[in-house]
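Enquirer:
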Amino acid sequence: LPRAVLRLAARRGDLQGRITVEASTGADLTGLFDEIRARGPLAATKVGHTTTRHAIVRDVLADDAFVTTRPRFGAGILGKLAAWSASEVTHPVQPPSRLVVEPPAHTRYRKLVTRVFTARAVEQLRERTQAIADELLDGLDPANPVDLIETYCGLLPVTVISEILGVPPQERATVLTLGAAAAPSLDLGLSWRVFRNVESTLNTFDAWLTRHLDALRANPGDNLLSRLIAAREDGAGLTERELKATAGLVLAAGFETTVNLLGNGIALLTQHPDQLATLRARPELWSNAVDEILRFDPPVLLTGRMCSRDTTIAGNPVRRGQLVTTVLAGANRDPEVFEQPSAFDITRPNARDRVSFGAGRHYCLGAQLARMEGEIGLRTVFERFPGLRLLTGARRRPTRILRGFERLPASLG
Ligand code: HEM
């Protein structure tokens, strides 16, 4: 959606517009989430409904009546934008990306892809992830202030993703540049300039992927993308477009989400030295700490679903064509599920009930990987630099769906 439409909607008090516009300022949205929750299971917006109730978010995401498919637009400018997105070029959030395909195609995908993205495959990446974290931190001089987003949080996930996609070292720089330019496609309200840049980058990325998939077919390596190329179900594997879309989404996710988990985690832990002290004394709590970071400041603020047929949610009618915005960050603060939801507590017994990776059939494919990277990435930086403290100048990204830091200046000494 264009930025101007969102701003106009917000000015008119529309909740959907308010969430996205307030999110882009980096403001604390807890008050707005509470306001939405107080309106009942579903609160009306100009285009449908929104919810910050944990149970309703889970219900909507699990319900077959609610789909990820985008609406069809007619002739006009929106139609032109939609025609671009329906082009043959790989797009992380347009079909056949897994994110926006529904059963039965999605079920087949999910089966094939989860067979490759197993917990075991993620465990095998643990050692390599540790080595990458160590290498990146070796390059930092504790005597000088650094921006941790630029030097660490942004680089760790994309390096791991490059390994997953089997990108040869000499091509990593190209993929990093392409991925960084295409990644805003995961967000809402892009300016026209960024939109055009994303479009041309996706074309270049598509051409690169064609060559890369051919190379992997000829010379399969020990990487997840090679295994995905080989995966078959009833004799059939993923199509070229499906493979490209999955690779594109995995790359975009590596750029836009895990970086936020690391950045948000560093910010939260430096602001809560008592929690960091607990982690130093009890390192076995790191895994739970990552879930609490994901709950408290989730990298993906919200997602949404189109209603494909007239139905009801908690007794409220929802009509075909309406959009339901499920605010993951709001559900994570639901007092019905989380005691003292506004307290950041790494020992919270049910931190894993967070919906930061979504729910239902589109539950994040990279959840295990992201949690593993979060745990290694955060533990390593705090162990290597016990004196780490943030300096002034931290800046939130002006994004609407994604939530994280653009800059995180720190002193390591
Ligand atoms: C889906 C969050 C990291 C790959 C999702 C969804 C969320 C999410 C909320 C569901 C979207 C919806 O239902 O509309 C996150 C967060 C991450 C993260 C918070 C990091 C902290 C990753 C990584 C990968 C990945 C590292 C790549 C391996 C995917 C894919 C889907 C997905 C492929 C689509 C699944 C489907 O539709 O079946 N993610 N993600 N994510 N994520 Fe992630």
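Per the UniProt record's numbering, the very first residue in the sequence shown carries number 23; after that it's consecutive.
Each residue gets a CB set at the ideal place from its N, CA and C atoms; glycine is no exception.
Given the structure is predicted, the values throughout are model-derived calculations rather than measurements.
#1: Rounded to whole angstroms, what is the Cα-Cα separation between G285 and A141?
#2: Can you name the residues that DSSP bridges to R429?
#3: On the DSSP letters alone, give me the boundaries of the alpha helix (DSSP H) that N310 sits inside.
#4: Could you give the first and the last residue of the continuous beta strand (DSSP E) run that contains N241?
#5: Heavy atom of ligand 1 less than 7 Å from the Cβ of V322, yes or no?
#6: Can you name, in chain order, every residue of its own chain whose Cβ lies under 8 Å from the Cβ of T52, other than the five neighbours on each side?
#7: L28 and T42 - do their beta-carbons sit closer together than 8 Å?
#8: If we count Cβ pairs, one from each stretch, closer than 8 Å, do we get three or more for the stretch 227-247 versus the stretch 182-191?
#9: Pairing CB atoms from the stretch 78-90 with CB atoms from the stretch 378-387, are three or more of them under 8 Å?
#10: Locate the beta strand (DSSP E) running through N372, then write down its first and last residues.
#11: Please state the DSSP three-state secondary structure of D169.
#12: Taking the runs of the alpha helix (DSSP H) that are 4 residues or longer, which of them lie wholly in the stretch 127-172?
#13: Taking the alpha carbon of P420 as the reference point, which residue from S46, L37 and A229 has its own alpha carbon closest?
#14: List the whole-angstrom C-beta distance separating P125 from L434, where the pair is believed to meet the contact cut-off of C-beta under 8 Å.
#15: Spatial neighbours of L177 within its chain, please: CB distance less than 6 Å, with the 5 preceding and 5 following residues excluded, ordered by chain position.
#16: For R150, is the beta carbon positioned less than 7 Å from some heavy atom of ligand 1?
#17: I'd like the ranges of any alpha helix (DSSP H) spanning at least 4 consecutive residues and lying wholly in the stretch 330-412.
#18: Is it right to say D156 is buried, meaning 16 or more other beta carbons lie within 10 angstroms of its own, or is it exposed?
#19: For D375, which residues of its own chain have a beta-carbon under 7 Å away from its beta-carbon, when the five flanking residues on both sides are left out?
#20: Tell me where the alpha helix (DSSP H) around G257 begins and ends.
#21: Ends of the alpha helix (DSSP H) at A66?
#22: Count the other C-beta atoms from every protein chain shown that fall within 10 angstroms of the C-beta of N310, then say buried if there are 16 or more, exposed otherwise.
#23: Output the distance between the C-alpha atoms of E278 and L424, rounded to the nearest integer angstrom.
#24: When DSSP labels each residue in this structure, what does R61 get in the three-state scheme?
#25: Pull up the distance between the alpha-carbon of L298 and that of L410, whole angstroms please.
#26: Please report the residue range of the beta strand (DSSP E) in which residue 11 lies.
#27: Less than 7 Å between the CB of F379 and some heavy atom of ligand 1, yes or no?
#28: Could you tell me if D332 is buried or exposed, where buried requires 16 or more neighbouring beta carbons within 10 angstroms of its beta carbon?
#29: Beta-carbon separation of R422 and D169 under 8 Å?
#30: Pop quiz: I398 and T151 are said to be a contact at Cβ under 8 Å. What is the actual Cβ separation, rounded to whole angstroms?
#31: In chain order, what residues of the same chain lie with their CB nearer than 6 Å to the CB of G287, ignoring the 5 residues before and after it?
#32: Is G270 close to ligand 1? I mean its beta-carbon at under 7 Å from any heavy atom of the ligand.
#33: With 16 other CB atoms within 10 Å as the buried threshold, where does P321 fall?
#34: Let me know the secondary structure DSSP gives G326 once reduced to three states.
#35: Can A253 and R137 be called in contact, C-beta distance under 8 Å?
#36: Hey, out of A127, Y385, V135 and A65, whose CA is closest to I251's CA?
Expert: Concretely, from the data shown:
#1: Locating residue 285 in the sequence shown gives position 263, where the first residue counts as 1. Locating residue 141 in the sequence shown gives position 119, where the first residue counts as 1. Their Cα atoms are separated by approximately 24 Å.
#2: Start at 1 with the first residue of the sequence shown, and residue 429 comes out as number 407. According to the DSSP secondary-structure assignment, R429 is paired through a beta bridge with R417.
#3: Residue numbering aside, residue 310 sits at position 288 when the sequence shown is read from its first letter. Residues W308 to F318.
#4: Locating residue 241 in the sequence shown gives position 219, where the first residue counts as 1. No beta strand (DSSP E) contains N241, which DSSP labels as neither H nor E.
#5: In the sequence shown, residue 322 corresponds to position 300, counting from 1. Because some heavy atom of ligand 1 lies under 7 Å away, the Cβ of V322 counts as near it: yes.
#6: Walking along the sequence shown from the start, residue 52 turns up at place 30. Close CB contacts of T52 within its chain, under the 8 Å cut and outside five residues either way in sequence, are with R355 and S364 (chain order).
#7: As a position in the sequence shown, residue 42 is number 20, starting the count at 1. As a position in the sequence shown, residue 28 is number 6, starting the count at 1. Yes; because the gap between Cβ atoms is below 8 Å, this pair is in contact.
#8: In the pairwise beta carbon analysis, the stretch 227-247 is classified as touching the stretch 182-191: at least three pairs are separated by under 8 Å.
#9: Judged by Cβ distances under 8 Å, the stretch 78-90 makes contact with the stretch 378-387, as three or more pairs qualify.
#10: In the sequence shown, counting from the first residue as 1, residue 372 sits at position 350. From DSSP, N372 is part of no beta strand (DSSP E); its letter is neither H nor E.
#11: What you label residue 169 is simply residue 147 of the sequence shown in a count that begins at 1. Strand, per DSSP.
#12: Segments of the alpha helix (DSSP H) lying fully in the stretch 127-172: 127-138 and 141-160.
#13: Reading the sequence shown from its first residue, position 398 is the one you call residue 420. Relative to the Cα of P420, the nearest Cα in the group S46, L37 and A229 belongs to S46.
#14: As a first step, residue 125 must be located in the sequence shown, where it is residue number 103. As a first step, residue 434 must be located in the sequence shown, where it is residue number 412. Going by Cβ atoms, the distance from P125 to L434 rounds to 49 Å, so no, they are not a contact pair.
#15: Translated into the one-based positions of the sequence shown, residue 177 becomes position 155. By the criterion of a C-beta distance shorter than 6 Å, L177 is surrounded in its chain by L158, once the five residues flanking it on both sides are discounted.
#16: Stepping through the sequence shown from its first residue, residue 150 is reached at position 128. No, since every heavy atom of ligand 1 falls outside the 7 Å radius drawn around the Cβ of R150.
#17: You should have 350-353 and 389-406.
#18: Taking the sequence shown and counting its residues from 1, one reaches residue 156 at position 134. By the 10 Å Cβ count, D156 comes out exposed.
#19: As a first step, residue 375 must be located in the sequence shown, where it is residue number 353. Within the same chain, D375 has close Cβ partners V359.
#20: For the purposes of this step, residue 257 is taken as residue 235 along the sequence shown, with counting starting at 1. Looking at the DSSP string, G257 is not in any alpha helix (DSSP H), and its letter there is neither H nor E.
#21: Against the sequence shown, residue 66 aligns to sequence position 44. Segment A65 to T67 is the beta strand (DSSP E) holding A66; no alpha helix (DSSP H) there.
#22: Against the sequence shown, residue 310 aligns to sequence position 288. Buried, because 16 or more other Cβ atoms sit within 10 Å of the Cβ of N310.
#23: Taking the first residue of the sequence shown as position 1, residue 278 is located at position 256. Taking the first residue of the sequence shown as position 1, residue 424 is located at position 402. Rounded to the nearest angstrom, the two C-alpha atoms are 7 Å apart.
#24: By 1-based counting over the sequence shown, the position of residue 61 is 39. If DSSP states are grouped into helix, strand and coil, R61 belongs with coil.
#25: Here residue 298 refers to the residue found at position 276 when the sequence shown is read from its first residue. Here residue 410 refers to the residue found at position 388 when the sequence shown is read from its first residue. For L298 and L410, the distance between alpha carbons rounds to 11 Å.
#26: Missing from the structure shown is residue 11; the chain here goes from 23 to 435 and no further.
#27: On the sequence shown, residue 379 is found 357 positions in, with the first residue counted as 1. True, at least one ligand heavy atom lies under 7 Å from that Cβ.
#28: Numbered from its first residue, the sequence shown carries residue 332 at position 310. Exposed, since its Cβ has fewer than 16 Cβ neighbours within 10 Å.
#29: As a working mapping, residue 422 is identified with position 400 in the sequence shown. As a working mapping, residue 169 is identified with position 147 in the sequence shown. Contact: no.
#30: Mapped onto the sequence shown, residue 398 falls at position 376. Mapped onto the sequence shown, residue 151 falls at position 129. Contact between I398 and T151 holds: CB atoms are separated by about 5 Å, below the 8 Å threshold.
#31: Locating residue 287 in the sequence shown gives position 265, counting from the first residue. So the qualifying residues of the chain are I315 and L400.
#32: Taking the first residue of the sequence shown as 1, we reach residue 270 at position 248. Answer for G270: no, Cβ out of range of ligand 1.
#33: By one-based count along the sequence shown, residue 321 stands at place 299. Buried: at least 16 other Cβ atoms inside 10 Å.
#34: Residue numbering aside, residue 326 sits at position 304 when the sequence shown is read from its first letter. If DSSP states are grouped into helix, strand and coil, G326 belongs with the strands.
#35: Within the sequence shown, numbered from 1, the residue matching residue 253 stands at position 231. Within the sequence shown, numbered from 1, the residue matching residue 137 stands at position 115. The beta carbons of A253 and R137 sit closer together than 8 Å.
#36: If you number the sequence shown from 1, residue 251 lands on position 229. Cα-wise, what sits closest to I251 is V135.
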